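Residue numbers (UniProt numbering): 1 to 1026.
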């Protein structure tokens, strides 16, 4: 029961199915009537073999019994018989379970919403409720039993309905009624079952009841009533039509379209009742909270045996005879005889009583059945409809494209099938039909019918660009001696066939039709076949017919094609056409000698012959587009007349023609693509876009035009014009990556309710393109980040390179030596040195004023031990805040043409505030006392990074002055602004070695902190010697 498609039978199965038209308009083209006639003929033929029509399970039952009632659920079909059996069928027609609690005909069946309980009513006066899931008694050796409850009402019961929530409610409510004329509402209670009569006797038998939500609708001889279980009150009464046929012969059919709309089909009348809420002020006056209003009333020319909703329409089971009122009271004995019924029909109508479709049902013995012998039920989730007669069960479903094409093929209506397949936006049928496959069936059918000309006409549309299929069909036409029909349609560009095919056609005409031969040679380009082979064959034929002028003309053309003008001239002379020469050489002679033969003279002479005028001006234009520019307006008309394919190229290339004149010429000849181009050049983009949309209806051309113009207003116009055209919407969605249209804004602006075939695939493609773009951007971002990190690392490495200091280095202000040999005296205030990357060195005392100098010394005083990190950071911060931007004074003076620095110092004393924001990004090396620690510190105050390397202690044999080597930021643009700790240490050691205060030092090895890998510092004494 997993797949409900299995209930739809193939030929020869028990459950028969019909198909309803997919389109509301199919009834208008006559196809439905044809299908009905064909189905009727086929059904009459197949009805002779009853065993082939029936399946195993239900077929065996209906051989001995007859169906009397039926209903369906999402999981199974329930069938009641005249022998009192209730059969549970799966969707293959097999009997799953059988209940035999009745001794007379089953009159009605009901299923709750969950599909767990089934109720049956019978003419034996009993109502049986079956649980479809077994209950265990609790004993391990006991068998499972299905719960069944039977209620005896002593009088025939005609209808029953379970509460839709029967399985959930402990009271287990249901309603039933019959010949007693009482509608019973049965519920379980603490002290037994409670039976509430919703209608008393006196209004006739109750023949139908339906329960939906809280509303119960039932019918008796007087009309239809409704009851609201929430308010426990009747809410309406709908009288039976006064002129309606007898109520006992024509059962009332009730069906809830939804929770508020009740469909009533009674004899030849149809009504729609809508349940509405009563206004509060009327409820206060004692009226029920709900009431029903009749919104539609239709009178039919047939008896309604069943009614069901179908989309926004109604599906009716129609019963027809010669006179539907034959059972009215009459004294005429002839009219009292029962007339044979016609085949029942499924008809689809709308609320205006307009018939949409009509299908006759292939039921056996229909001539002898009455309206009450048929039952119609439906599955709303599947749009499937079930019709039961005493001996048949038929399933009807909406016909899809696959079914429609199959039906047309079975009736040899290949053209209609092909048109249906071409018109379908998306085909996903199981039969796998293709335009080429179905088209070839159509061609084969036309050939069998000897309609060769029609078949040849259809070949381009069916065969397309498939060269292999073209060759196969051309040879097929040749075998049937019908090449004359297909030759005008043989392609020679897209696709181009093999040389043998074209030569075969020419040989056929050479032997059978010389007029067609010369016409074909003139029409076909000479490059698609072997000219020499054809010349040999034509000369051989001419040798047998010496004076055949057509063959001589063929040879003249072929030799001209083969660039043998002397032989072509020979045959032209024999044909008395001596002036039959190629215009090519003459035109080239005129074009290449315009200084001797001016253009205006040639144009004047050729005025009476526009074709030669076109040839000359075309050659002149290709030789030099600027020559003869005054004739470009004339040339547009000549191109339009003699070479349309070259007109667009001319319009794009030339700048000398009048746009208004060109537009008028193209408009007169209705050359829409050229009009679009000219309007674009004129700046009338909106009108050009309208031409593309309305005349060409080419969405891709419209998008290309908008991209070419690159105008936001034009994109907006394209979007506005496309909002009511599904094909343009799909085209825009497919090309969103190359447009300037916001997809979200576009989708929001699509009108509601607009059907857009292929929208799902287009939206999926948009999302896939977006994901691809996001992935590409993410990849590019990762590449960019990796490259940036690598380049920053390289820059950092370059900036950390050190600079060398010579022993004879002097202060650029006081000209005293920076490195002194006299180290025995007390520490010199000038011992602290600042060196810029421009190689200029300064004593700190010379560079700073007294106040700044004292502050810097205070910053370097140790706090809690010898020189640690904190004093150095304070010193660095102080130097950064003492003056103008960090720059060498000499370099600054040279750049700004200041006075010499020495003169400034003599006049004003030490420079105040000259060094400002000197960033110490490198190493400060300190040496103090006989035993000292050498420390290298790298700070980057801008990025908050601090790294420190503590070197092993080294013995110093002589007392040295306190020396600080600080590398600042004053450097040329290409000089590094930082250096690695490793190189800074080497620089310091070189400085100390120059002072001759370092002897042999032990080898030391440390890893630089904060860096991946192991950058090991080599032996210091080795580096000193280097």
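In this text, a Cβ means the ideal position worked out from N, Cα and C, and glycines have one as well.
All values derive from a computational prediction rather than experimental measurement.
I'd like to check one pair, residue 551 with residue 541: are the Cβ atoms closer than 8 Å?
Closer than 8 Å, so yes.
Can you give the Cα-Cα distance for residue 235 and residue 295, rounded to whole angstroms?
The alpha-carbon atoms of residue 235 and residue 295 are separated by roughly 16 Å.
Report buried or exposed for residue 76, applying the criterion of at least 16 other Cβ atoms within 10 angstroms of its Cβ.
Under this definition residue 76 is a buried residue.
Could you check what DSSP says for residue 278 in three-state terms: helix, strand or coil?
Three-state result, residue 278: coil.
In the structure shown, what three-state DSSP assignment does residue 722 receive?
Reduced to three states, the DSSP call for residue 722 is helix.
What does the alpha-carbon distance come out to for the pair residue 850 and residue 841?
Cα-Cα distance, rounded: 19 Å.
Starting from the C-beta of residue 179, find all residues in its chain whose C-beta is less than 6 Å away, skip the five residues before and the five after it, and write them out in chain order.
The answer, listed in chain order, is 155, 156 and 205.
In three-state terms, what does DSSP make of residue 285?
In the structure shown, residue 285 sits in coil (DSSP, three-state: anything other than H, G, I, E or B).
Alpha carbon to alpha carbon, how far is residue 350 from residue 743? Give it in angstroms, no decimals.
Roughly 38 Å between the two C-alpha positions.
Between residue 211 and residue 163, which are expected to be in contact by the criterion C-beta below 8 Å, what is the C-beta distance as a whole number of angstroms?
About 6 Å; that satisfies the 8 Å criterion.
Excluding sequence positions up to five away, which residues of its chain have a Cβ less than 8 Å from the Cβ of residue 366?
Here the set comprises 341, 342, 343, 344 and 389.
Taking a contact to mean a Cβ-Cβ separation below 8 Å, would you say residue 58 touches residue 79 in this structure?
Result yes, Cβ atoms of residue 58 and residue 79 sit closer than 8 Å.
In the DSSP assignment, find the beta strand (DSSP E) that holds residue 487 and state where it starts and stops.
No beta strand (DSSP E) holds residue 487; DSSP gives it neither H nor E.
Can you tell me the Cα-Cα spacing of residue 74 and residue 171, whole angstroms?
Distance between the alpha carbons of residue 74 and residue 171 is about 25 Å.
Can you give me the C-alpha to C-alpha distance between residue 129 and residue 101, rounded to a whole angstrom?
Roughly 10 Å separates the two Cα atoms.
Whole angstroms is fine: what's the gap from residue 125's alpha carbon to residue 305's?
If I take the Cα positions, the gap works out to 24 Å.
With a 10 Å radius around its C-beta and 16 neighbouring C-beta atoms as the bar for buried, classify residue 122 as buried or exposed.
Residue 122 should be labelled buried.
On the three-state DSSP scale, how would you describe residue 818?
Residue 818 falls in the coil class under three-state DSSP.
Which residue or residues does DSSP assign as beta-bridge partners of residue 196?
Beta-bridge pairing links residue 196 to 185.
Nearest-angstrom Cα distance between residue 530 and residue 486?
Roughly 21 Å separates the two Cα atoms.
Cutting at 8 Å between CB atoms, please list the residues of its own chain near residue 553, excluding the five before and the five after it.
Around residue 553: 518, 571 and 575.
Return the CA-CA distance between residue 620 and residue 504, expressed in angstroms with no decimal places.
Answer to the nearest angstrom: the Cα atoms are 40 Å apart.
Kindly confirm or deny that the stretch 448–461 and the stretch 472–488 touch, where touching means at least three C-beta pairs closer than 8 Å.
Contact holds: three or more Cβ-Cβ distances are below 8 Å.
Since residue 403 is in the beta strand (DSSP E), which residue starts that stretch and which ends it?
Element bounds for residue 403: not the beta strand (DSSP E) but the alpha helix (DSSP H), 401–410.
Distance check for residue 645 and residue 475, CA to CA, integer angstroms please.
Approximately 32 Å between the Cα atoms of the pair.
Could you spell out the range, first to last residue, of the beta strand (DSSP E) harbouring residue 107?
First-last of the beta strand (DSSP E) with residue 107: 106–111.
Alpha carbon to alpha carbon, how far is residue 844 from residue 834? Give it in angstroms, no decimals.
Straight-line Cα distance between these residues: approximately 6 Å.
Could you tell me the alpha carbon to alpha carbon distance between residue 472 and residue 397, rounded to whole angstroms?
Approximately 41 Å between the Cα atoms of the pair.
Looking at the structure shown, is residue 297 part of a helix, part of a strand, or coil, going by DSSP?
Three-state result, residue 297: strand.
Please report how far the alpha carbon of residue 412 lies from the alpha carbon of residue 442, in whole angstroms.
For residue 412 and residue 442, the distance between alpha carbons rounds to 8 Å.
Distance check for residue 119 and residue 110, CA to CA, integer angstroms please.
Spanning the two alpha carbons is a distance of roughly 5 Å.
Please report how far the alpha carbon of residue 661 lies from the alpha carbon of residue 496, in whole angstroms.
Going by the C-alpha atoms only, they are around 38 Å apart.
Counting along the chain, where does the alpha helix (DSSP H) carrying residue 552 start and finish?
Residues 549–561.
Give the single residue among 631, 659 and 674 whose Cα lies nearest to the Cα of residue 649.
Selected option, being the one with the closest Cα: 674.
Give the DSSP bridge partners of residue 360, in chain order.
In DSSP, residue 360 forms a bridge with 345.
Expressed to the nearest angstrom, what Euclidean distance is found between the alpha-carbon atoms of residue 780 and residue 681?
Each residue's alpha carbon lies about 39 Å from the other.
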